[in-house]
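Enquirer:
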Amino acid sequence: MIGLGTYAFFWQHSERAGTPLSLAGAFAATRDLGVDLFQICDYAPLDTMSDAELSDAAAAARHLGLTIELGTKGVEPQHLRRYLELAEVFDAQLVRSMLYSPTSRPTLAEAEAQLRSVVGEYEASGVTLALETYEQVATRDLIGLVENVASDSVGICLDPGNIVARLEHPRDCVEQTAALVKNVHAKDFAFARQDGWVGFTYSGAPMGAGLHDYPHLLEKVRPRERGINEIVEHWLPWQGDAETTVHTEREWTRTTVDYLRSTT
1 MIGLGTYAFF WQHSERAGTP LSLAGAFAAT RDLGVDLFQI CDYAPLDTMS
51 DAELSDAAAA ARHLGLTIEL GTKGVEPQHL RRYLELAEVF DAQLVRSMLY
101 SPTSRPTLAE AEAQLRSVVG EYEASGVTLA LETYEQVATR DLIGLVENVA
151 SDSVGICLDP GNIVARLEHP RDCVEQTAAL VKNVHAKDFA FARQDGWVGF
201 TYSGAPMGAG LHDYPHLLEK VRPRERGINE IVEHWLPWQG DAETTVHTER
251 EWTRTTVDYL RSTT
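At position 16 of the sequence shown (counting the first as 1) the number is 16 in the UniProt record's numbering, and the numbers step up by one without a gap.
1. Identify whether Arg254 lies in helix, strand or coil by the three-state DSSP scheme.
2. Would you tell me roughly how many angstroms separate the C-alpha atoms of Gly204 and Val164, rounded to the nearest one?
3. Could you compute how far the alpha carbon of Lys220 sits from the alpha carbon of Lys182?
4. Given this structure, state the Cα-to-Cα distance separating Leu86 from Pro160, to the nearest angstrom.
5. Nearest to Gln12 by alpha carbon, out of Glu251, Trp197, Thr255 and Ala111?
6. If we count the other Cβ atoms within 10 Å of its Cβ and call it buried at 16 or more, is Arg222 buried or exposed?
7. CA-CA distance, Thr103 and Ala111?
8. Would DSSP call Asp42 helix, strand or coil?
9. I'd like to know if Ala57 contacts chain D, where contact means its C-beta is closer than 8 Å to some C-beta of that chain.
10. For the beta strand (DSSP E) that contains His185, what are its first and last residues?
11. Can you name, in chain order, every residue of its own chain whose Cβ lies under 6 Å from the Cβ of Met207, other than the five neighbours on each side?
12. Can you tell which of Thr19, Gln114, Asp213 and Arg96 has the C-alpha that lies nearest to the C-alpha of Asn148?
13. State the DSSP-derived secondary structure class of Ala130, mapped to helix, strand or coil.
14. What does a CB cutoff of less than 7 Å around Gln93 pick up in its chain, not counting 5 residues either side in sequence?
15. Taking a contact to mean a Cβ-Cβ separation below 8 Å, would you say Thr253 touches Ala44 in this structure?
16. Using DSSP's beta-bridge definition, name the partner residues of Asn229.
17. So, helix, strand or coil for Leu240, using DSSP?
18. List the DSSP bridge partners of Val95.
19. Mapping the DSSP letters down to three states, classify Tyr202 as helix, strand or coil.
20. Within its chain, find whatever has a CB closer than 6 Å to the CB of residue 271; leave out the 5 residues flanking it on each side and keep chain order.
21. Do you know offhand how far Gln78's Cα is from Cys41's?
22. Taking its Cβ as the centre, do 16 or more other Cβ atoms sit within 10 Å of Met98, making it buried, or is it exposed?
23. Taking the beta carbon of His234 as the centre, do at least 16 other beta carbons fall within 10 Å, making it buried, or is it exposed?
24. In whole angstroms, what separates the C-alpha of Asp36 from that of Gly25?
25. Helix or strand or just coil, what does DSSP make of Leu23?
26. Can you check whether the CB of Phe38 is closer than 8 Å to the CB of Ala52?
27. Since Gly144 is in the alpha helix (DSSP H), which residue starts that stretch and which ends it?
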């Protein structure tokens, strides 16, 4: 299933937008594109919402017919248990996370122990935990961790653009993780020369216009055949002013959704 994530609304949610878009507003914009899935990922207000506010947000999603996934950072047991509680509120069946959080950087052995302490609870709740590929953890280490935990409820959230900062190749990341993927972050990326031709900037590109060989990902991972959701994100640089940036962000979202639909 194609979904949108909060990173598709990064600038619209930010204070630089003037009037930041609410979570309910992002839900409505998602539905307006005919998309039925939304991943609330690294959305800071979620951690400070009251029970009533959380219930209202979940009700707004259900009213629009949206399926919800959640995303956070860290594998501390108490934190993952909190997101299991939030998953129940939102009827979410997937939580995306990363090994490190702002307050914790476990070793691989520590992360394995932490995951083992909560994996049974995720299994019992029918919720999948998807750990994202990113530059702070080597892909081979993340794969080893998931394989050691050895639970169908723990897998990988594949974002091959992230690992370029480790000098890993996106195609290698796709091929190495394919069998363990539970979730995909769909965005394109490219290098551009900086002014004066001194160095490069690595950032986002409209889907299909950058370096991401998405057909290769579809071939190796087979997300549609395996029921793996593809969540639209962006790495959109600030475009000089809020109006232009927000307009571009919306256009990139539409472009990505159209691209993904064209490949079905």
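Just so it is clear, CB atoms sit at the ideal spot from N, CA and C, and this is done for glycine as well.
Expert: Reading off the structure:
1. Here Arg254 sits in helix by DSSP.
2. If I take the Cα positions, the gap works out to 13 Å.
3. Distance between the alpha carbons of Lys220 and Lys182 is about 13 Å.
4. Straight through space, the alpha carbons of Pro160 and Leu86 are spaced by roughly 27 Å.
5. Out of Glu251, Trp197, Thr255 and Ala111, Glu251 has the C-alpha closest to the C-alpha of Gln12.
6. Exposed: under 16 other Cβ atoms inside 10 Å.
7. Computed Cα separation, rounded: 14 Å.
8. Coil, per DSSP.
9. Judged by its chain identifiers, the structure shown contains no chain D, having just a single protein chain.
10. Residues Val181 to Ala186.
11. Same-chain partners within the cutoff: Asp188, Thr255, Thr256 and Tyr259.
12. Checked all of Thr19, Gln114, Asp213 and Arg96; the closest Cα to Asn148 is Gln114.
13. When secondary structure is reduced to three states using DSSP, Ala130 falls in the strand class.
14. For Gln93, where only same-chain residues beyond five positions count, the Cβ hits under 7 Å are Gly126, Val127 and Thr128.
15. Cβ distance not < 8 Å, so Thr253 and Ala44 don't count as in contact.
16. Listed as beta-bridge partners of Asn229 by DSSP are Asn183.
17. According to the sequence shown, residue 240 is Gly rather than Leu. Coil.
18. Val95 pairs with Leu70 and Leu129.
19. Three-state DSSP puts Tyr202 in a strand.
20. What the structure shows of the chain is the stretch from 1 to 264, and residue 271 is not part of that stretch, so it cannot be assessed.
21. Straight-line spacing of the CA atoms in Gln78 and Cys41 works out to 18 Å.
22. Under this definition Met98 is a buried residue.
23. Around the beta carbon of His234, a 10 Å sphere encloses 16 or more other beta carbons of the protein chains shown; the residue is thus reported as buried.
24. Rounded to the nearest angstrom, the two C-alpha atoms are 14 Å apart.
25. In this structure, DSSP gives Leu23 a helical state, which the three-state scheme calls helix.
26. No. Outside cutoff.
27. Counting along the chain, the alpha helix (DSSP H) containing Gly144 begins and ends at Thr139 to Val149.
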